[in-house]
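Q:
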C-alpha cells in the first residue's frame with residue numbers, strides 16, 4: 002500500500018520537474034536564442050510555469066500523500082526515506098509563505114533589481130540603499146516565519162546550503178583570517194610571475210575549438226549537452242541527459258574562455274552524473290550550492306590550474322597558438338595562470354584573495370540579518386573592510402558594494418557557498434588522491450576518467466540524499482575544515498612565488 | 002459582473018497559451034538544438050506540459066465560467082462573443098473524449114507512426130496497412146462521438162478547417178478536374194522552359210545570406226523572430242513577438258532554400274501579425290490551416306514566383322551568384338522557376354499538378370471515413386489514380402501511398418487545407434490588387450509594405466474570429482471558388498509555355 006503511495010509521490014515530483022525543466026529551457030533560450038521583442042512574453046511564460054510548479058507542489062492532496070508516507074517511513078529504504086523527509090521539509094517551508102507575502106516579496110525584488118541596475122550605472126549607492134533596506138526587512142520577516150535553531154542567518158543560508166551552520170562558517174572564516182593572511186604575506190615577499198603573454202590577441206574561433214576540446218577531455222558528454230556563447234557563462238540542466246554550458250570569449254585575454262569552460266564543465270559533469278532514475282526526486286538533485294561549486298572549483302583550480310593538468314594540455318594549446326605561446330615554457334605558463342593580486346572585483350579575483358571578498362559579504366550579511374547593522378552607510382563600511390583585509394582602496398560603489406547583483410535579487414545567504422565550494426573542493430581532491438592510486442599520474446597523462454569516476458561514485462551518485470557536511474564526513478571521514486585548502490594553497494603558491 | 006467573469010476566462014486562456022508556448026519551445030529546441038541523449042526526457046516533458054494544458058482546459062470550474070459567459074453573450078462585443086463561442090465549441094468537443102479513448106487513440110497513433118517509418122523504409126505497404134485500418138477505425142469512432150451535420154468527413158476536417166464543408170471541397174475539386182486538366186493539356190502543347198541553371202552548385206553561406214535578405218524584404222521582423230536550419234522547414238510561434246522559421250539548404254539546387262524561406266516567411270508574417278492583445282484567445286489565433294496556408298502560398302507562388310517580384314529581387318540574386326546566374330535573363334529565370342512537370346512526390350510538385358496530389362488524397366480519405374473503401378488494396382487504387390489524373394506510373398509505395406507521414410499520425414482531413422490554401426491565396430491576392438492601387442508596381446519596386454499592410458488589415462488582424470469561408474466572403478465579397486486561381490494560373494503559365 003505505502004509503495005503505491007510512494008509511486009504517486011514520485012509521479013507528482015517528476016511532473017513538477019518536467020515543468021521546472023521546461024522553465025529552465027525558457028530561460029536558457031532567453032539567454033541564447035530569443036529575439037529581443039520576445040522578452041516581455043517570455044517573462045510571463047516563465048512566471049506562469051513557475052506558478053504551475055508551485056501549485057503542483059503546495060497542493061493539499063500532495064501534502065496528505067507526504068504525511069502518509071512520513072507516517073510509514075520505516076517501510077522504506079534509506080534513500081526513499083530521505084526523499085520523503087527532504088520533500089516534507091520543502092513542503093512545510095513553502096506552506097509558511099502565503100500568497101500575500103510571496104507577491105510582496107517578489108515586488109520588492111523586482112524593485113531591488115531595477116534599483117541595483119540604476120545605482121550601478123550611476124555609481125551611486127544612495128539609489129539602491131532604500132530598496133536594500135526593504136529587501137533586508139522582508140528577508141528578516143522571512144526568517145521570522147521560517148524560524149531557526151541557532152542564528153537567524155541560518156534560515157536564509159538553508160535555502161542554498163541545506164543544513165548549513167553559522168558555527169561552521171564562523172570557524173572557516175576565522176581560519177581564513179588566521180591562515181590565509183600569513184600565506185599572502187609570505188607570497189608578497191616572493192617573485193610575482195610574468196603573465197603579460199596571457200593578454201595578447203587570441204583568435205576567437207581557435208579559442209572556441211580549444212574550449213570544446215578541453216570540455217571533451219574532462220569527460221563532458223556532448224551527446225547529452227552543448228556549449229553556446231552568452232555574456233555571462235552558466236550551466237543549466239533539463240535532466241541529466243541534457244545539461245548545457247555557455248561561455249564567453251575575450252579575444253584579448255586567454256583566461257576568460259578557458260577557465261569559464263573548465264568551471265562550467267565541472268558544474269555540468271555533476272549534473273550529467275546525477276542518477277537519471279531519480280529525476281525529480283531529491284536523490285536525483287544536486288546536494289547544495291556549496292557542493293555544486295565544489296565540483297566547478299575542483300576542476301577549475303585544483304585540476305585546471307595545476308602543473309599536472311597543463312602537462313597534459315599545454316601541447317594542444319601551444320599547437321593552437323604557436324605564435325602566441327610557442328615560446329612560453331610550461332612552468333612559466335602555470336605560474337602565470339596562478340598570479341595572486343588583490344583587486345576590488347570578486348569575479349576577477351585569484352584563488353586566494355577571493356575568500357576575502359566572500360568573508361566581507363558574510364560579515365555584512367550576518368550583521369544585516371541580525372539587525373546589528375543598517376543599510377545606511379554600508380558602502381563606507383564595505384570600503385573600510387576592503388582596506389583592512391585586502392589593502393585596497395575602492396574608488397566607488399560600482400566597483401564596491403554594487404558590483405554583484407545578488408543582493409538586488411534578495412539573495413542573502415548565497416555568497417558563503419562560493420567559499421564553501423573551494424574548501425570542499427580541496428578536501429575532496431585531497432581525498433581523491435588518497436583513494437585513487439596514481440590519480441595525478443593519470444591527469445598528467447591526459448586521462449581524467451579516474452578522477453571523474455571517483456567524483457561520480459563519491460559525490461554525484463548520492464544526489465541530495467546527504468546534506469553537504471554529512472556528505473563531506475562520509476566522503477573524507479572528517480567534517481569540513483580549511484586544512485586541505487591551506488596545504489594545497491601553500492604548496493602551489495610557494496612554488497609559483499619561489500618562497 | 003460578466004466583465005469580471007470574462008476577465009477570469011481570458012486569464013485562464015492566457016495561462017493555457019503560456020503552457021502551449023513553452024511546449025512549442027520544447028519542440029523547436031528538439032529540432033534545432035537538443036543533444037541526442039535528451040530525446041526521451043524531452044518527449045516526457047512535452048507530454049507532461051500537453052497534459053497540464055489539457056487539464057487546465059477541461060477543468061469543471063472553467064466549464065462553468067464558459068457556460069455563464071455563454072448565457073450572457075448579449076453583453077459582449079462581437080469579438081468577445083466569438084471568443085466565448087469558439088472556446089465553448091472546443092470545450093464541448095474535448096469533453097466528448099474520455100481518457101480511455103484519448104489514450105487508446107494516442108497508442109494507435111504511436112504504432113501508426115512507427116509502422117509508417119518501417120513500411121516506407123521497406124517500400125512495403127503491407128507493413129502499414131493493418132495499422133492504417135486501426136487508425137481509420139478509431140477516427141470513425143471519433144466521428145461518431147463528435148457527430149456531424151452533412152458528411153462524416155466534416156467532423157475530422159473541422160479540426161483543421163473549422164466550419165469546413167464537404168460540399169465546398171467537392172465543388173472545388175470538381176472544378177480542379179474540369180478546369181485544371183484542360184490547362185495542363187494546353188501547356189503540354191507549349192515549350193517547357195529550360196531550368197538546368199537552377200541545378201548548379203550554389204554556395205551554402207551565400208544562399209543563407211540571400212534567404213535572410215529575402216525574409217527581411219518581405220517584412221519579416223527579425224527582432225521578433227529568427228531563422229535556423231532543420232531537415233524539414235517549419236514555422237513556430239511562441240506568441241506574435243517571437244515567431245521563428247527554419248529552412249534547409251541544398252547546395253546543388255537553388256529552389257529548395259529560396260521558396261522554403263518565402264513559404265515559411267508567409268506563415269511567419271501571419272503569426273507576427275496576429276493581435277498581441279488577444280494572445281491566448283481565438284481572436285489572437287490563426288483562423289484555420291487553410292488560411293494559414295493561404296498566407297504562405299500567396300507569398301511563395303502568387304508573389305514569389307511572379308515576374309514582378311523577381312524584377313525587384315533578381316539583381317540581388319545575380320550579384321550573389323554572378324558566375325552561376327549572371328548570364329541568365331530575368332524572363333528565362335521566371336520561366337524556369339515555373340516549370341510544370343507531373344511526378345509522384347507531393348512536396349516536390351509544381352503549382353498546378355500539386356492539386357491532383359491533394360485531390361487523390363481527398364477522394365481516398367472521404368471514402369475511408371464513409372466506409373466505402375477499405376485499407377486493403379489501397380496502394381493499388383492510389384497508383385491507378387496517379388495514372389488516371391497525372392499520367393504517371395508509381396514505382397512503389399515509398400513514392401506512392403507511403404510518401405507522407407500524415408496518415409501515420411492519424412491526420413485525416415488535413416490534406417485538403419493545402420489546396421484550400423492555394424485557392425484562398427489566389428482569391429485574396431486578386432482582391433488585394435483591386436483594393437490597393439499600384440500593388441504590382443510596389444512589388445516590382447521592392448516595396449512589399451502595401452501588400453503586407455493589406456494582409457494585416459484584411460486577414461491577420463481578425464485572428465480566428467471568422468471561419469475561413471466567412472473571412473473569404475468578408476474580404477473578397479464572395480465565397481471561395483477556383484475562378485481567381487484559374488485566371489492567375491492561365492495567365493502565368495500561358496506566358497511561361499508560350500501558348
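Residue numbers (this note's numbering), protein chains in the order written: chain A, 2 to 500; chain B, 2 to 500.
Positions of the beta carbon are idealized from the N, C-alpha and C atoms, including for glycine.
In this text, all values refer to a predicted model and were calculated from it rather than measured experimentally.
1. Which class does residue 412/A belong to by DSSP, given the choice of helix, strand or coil?
2. Considering only residues of the same chain and omitting the five flanking positions on each side of residue 87/B, which have a CB-CB separation below 7 Å?
3. Please state the DSSP three-state secondary structure of residue 96/A.
4. If the cut-off is 9 Å on Cβ atoms, which residues from the region 32-51 of chain B count as contacting chain A, listed in chain order?
5. Would you call the region 351-362 of chain A and the region 412-431 of chain A touching, i.e. three or more CB-CB distances under 8 Å?
6. Going along the chain, which residues of the region 195-229 of chain A sit with their C-beta nearer than 8 Å to a C-beta in chain B?
7. Curious, which full-length alpha helix (DSSP H) runs of at least 4 residues does the region 320-376 of chain A contain?
8. Have a look at residue 478/B and residue 128/B and give me their C-alpha separation to the nearest angstrom.
9. How about residue 220/B and residue 270/B: are their beta carbons less than 8 Å apart?
10. I want to verify the contact list: residues of chain B whose CB lies under 8 Å from the CB of residue 22/A, in sequence order.
11. Anything in chain B within Cβ reach of residue 58/A, meaning under 7 Å, just list it in chain order.
12. Quick one: is residue 81/A buried, meaning 16 or more other Cβ sit within 10 Å of its Cβ, or exposed?
13. In the region 240-274 of chain A, which residues sit with their C-beta less than 7 Å from some C-beta in chain B, listed in chain order?
14. Kindly provide the ranges of any alpha helix (DSSP H) runs that are 4 or more residues long and lie completely inside the region 47-76 of chain A, ordered along the chain.
15. Of all the residues that make up the region 61-74 of chain A, which are near chain B by a beta-carbon distance shorter than 8 Å?
16. Any idea if residue 378/B is buried or exposed, counting beta-carbon neighbours within 10 angstroms, 16 or more meaning buried?
17. Quick one: give me the first and last residue of the alpha helix (DSSP H) that residue 418/B is part of.
18. Hey, would you say residue 427/B sits closer than 8 Å to residue 485/B, going by beta carbons?
19. Starting from the beta carbon of residue 26/A, find every residue of chain B whose beta carbon is closer than 7 Å, and list them in chain order.
20. Report the start-end ranges of each alpha helix (DSSP H) in the region 146-194 of chain B that is 4 residues or longer and not cut off at the edges.
21. Could you check where the beta strand (DSSP E) with residue 454/A kicks off and where it finishes?
22. Please name the residue or residues paired with residue 141/B in a DSSP beta bridge.
23. Would you identify the three-state DSSP class for residue 244/B, choosing helix, strand or coil?
24. Starting from the C-beta of residue 445/A, find all residues in its chain whose C-beta is less than 7 Å away, skip the five residues before and the five after it, and write them out in chain order.
25. Tell me residue 238/B's beta-bridge partners as DSSP assigns them.
26. Report the rounded CA-to-CA distance for residue 118/A versus residue 27/B, giving the unit in angstroms.
27. How do the region 194-203 of chain A and the region 333-347 of chain A stand: do at least 3 beta-carbon pairs fall below 8 Å, yes or no?
28. With DSSP as the reference, label residue 404/A as helix, strand or coil.
29. So which of 97/B, 45/B, 43/B and 57/B has the shortest CA-CA distance to residue 49/A?
30. Quick check on residue 393/A: does DSSP put it in helix, strand or coil?
31. Between residue 474/B and the rest of its own chain, which residues show a CB-CB distance below 7 Å, the 5 nearest in sequence each way excluded?
32. With distances taken from CA atoms, which of 410/B, 233/B, 21/B and 11/B is nearest residue 139/B?
33. If we define contact as Cβ-Cβ less than 8 Å, is residue 237/B a contact residue for chain A?
34. By DSSP, does residue 491/B sit in helix, in strand, or in coil?
35. Less than 8 Å between the beta carbons of residue 370/A and residue 402/A, yes or no?
36. Count the other C-beta atoms from every protein chain shown that fall within 10 angstroms of the C-beta of residue 16/B, then say buried if there are 16 or more, exposed otherwise.
A: The short version:
1. Numbered from its first residue, the first chain carries residue 412/A at position 411. Correct three-state label for residue 412/A: coil.
2. Along the second chain, one-based indexing puts residue 87/B at 86. 283 and 465.
3. Taking the first chain and counting its residues from 1, the one referred to as residue 96/A is at position 95. DSSP places residue 96/A in helix when its eight states are reduced to three.
4. 33, 34, 35, 36, 37, 38, 39, 40, 41, 42, 43, 45, 46, 47, 48, 49 and 50
5. yes
6. 222, 223, 224, 225, 226 and 227
7. 323-326, 331-337 and 355-371
8. Stepping through the second chain from its first residue, residue 478/B is reached at position 477. Stepping through the second chain from its first residue, residue 128/B is reached at position 127. Distance between the alpha carbons of residue 478/B and residue 128/B is about 49 Å.
9. Counting from 1 along the second chain, the entry for residue 220/B is found at position 219. Counting from 1 along the second chain, the entry for residue 270/B is found at position 269. Contact: yes.
10. Counting from 1 along the first chain, the entry for residue 22/A is found at position 21. What residue 22/A touches in chain B: 42 and 46.
11. In the first chain, residue 58/A corresponds to position 57, counting from 1. Within chain B, no residue comes near residue 58/A; the closest Cβ sits about 14 Å away, beyond 7 Å.
12. The residue you call residue 81/A lines up with position 80 of the first chain. Residue 81/A is buried by the Cβ-count criterion.
13. 240, 242 and 243
14. 61-72
15. none
16. Locating residue 378/B in the second chain gives position 377, where the first residue counts as 1. Exposed: under 16 other Cβ atoms inside 10 Å.
17. Looking up residue 418/B in the second chain gives position 417. It spans 417-436 - the alpha helix (DSSP H) in which residue 418/B sits, taken as one unbroken run.
18. By 1-based counting over the second chain, the position of residue 427/B is 426. By 1-based counting over the second chain, the position of residue 485/B is 484. Cβ distance < 8 Å, so residue 427/B and residue 485/B count as in contact.
19. Position 25 of the first chain, counting from 1, holds the residue named residue 26/A. Per Cβ cutoff of 7 Å: 26, 27 and 30.
20. 153-161, 167-176 and 182-189
21. Counting from one through the first chain, the residue named residue 454/A turns up at place 453. Run containing residue 454/A: none in the beta strand (DSSP E); it sits in the alpha helix (DSSP H), 450-459.
22. Here residue 141/B refers to the residue found at position 140 when the second chain is read from its first residue. None, per the DSSP bridge assignment.
23. In the second chain, residue 244/B corresponds to position 243, counting from 1. Strand, per DSSP.
24. Translated into positions along the first chain, residue 445/A becomes position 444. Excluding residues within five positions, the ones whose Cβ falls inside 7 Å are 309, 312 and 313.
25. Position 237 of the second chain, counting from 1, holds the residue named residue 238/B. 244/B, per the DSSP bridge assignment.
26. As a working mapping, residue 118/A is identified with position 117 in the first chain. As a working mapping, residue 27/B is identified with position 26 in the second chain. So the two alpha carbons sit approximately 31 Å from each other.
27. yes
28. Residue mapping note: residue 404/A aligns to position 403 of the first chain, counting from 1. In this structure, residue 404/A counts as coil in the three-state DSSP scheme.
29. Along the first chain, read from residue 1 onward, the residue named residue 49/A stands at position 48. Of 97/B, 45/B, 43/B and 57/B, the residue nearest in Cα terms is 57/B.
30. Position 392 of the first chain, counting from 1, holds the residue named residue 393/A. Coil at residue 393/A, not helix or strand.
31. Residue 474/B sits at position 473 when you count from the first residue of the second chain. Only 480 meet the Cβ criterion.
32. Counted from its first residue, the second chain places residue 139/B at position 138. The residue with the shortest Cα to Cα distance from residue 139/B is 410/B.
33. Numbered from 1 along the second chain, position 236 holds the residue referred to as residue 237/B. Not one chain A Cβ lies under 8 Å of residue 237/B.
34. In the second chain, residue 491/B corresponds to position 490, counting from 1. Residue state, collapsed to three classes: helix.
35. Start at 1 with the first residue of the first chain, and residue 370/A comes out as number 369. Start at 1 with the first residue of the first chain, and residue 402/A comes out as number 401. Against a cut-off of 8 Å, the Cβ pair of residue 402/A and residue 370/A comes out as no contact.
36. Here residue 16/B refers to the residue found at position 15 when the second chain is read from its first residue. Residue 16/B is buried by the Cβ-count criterion.
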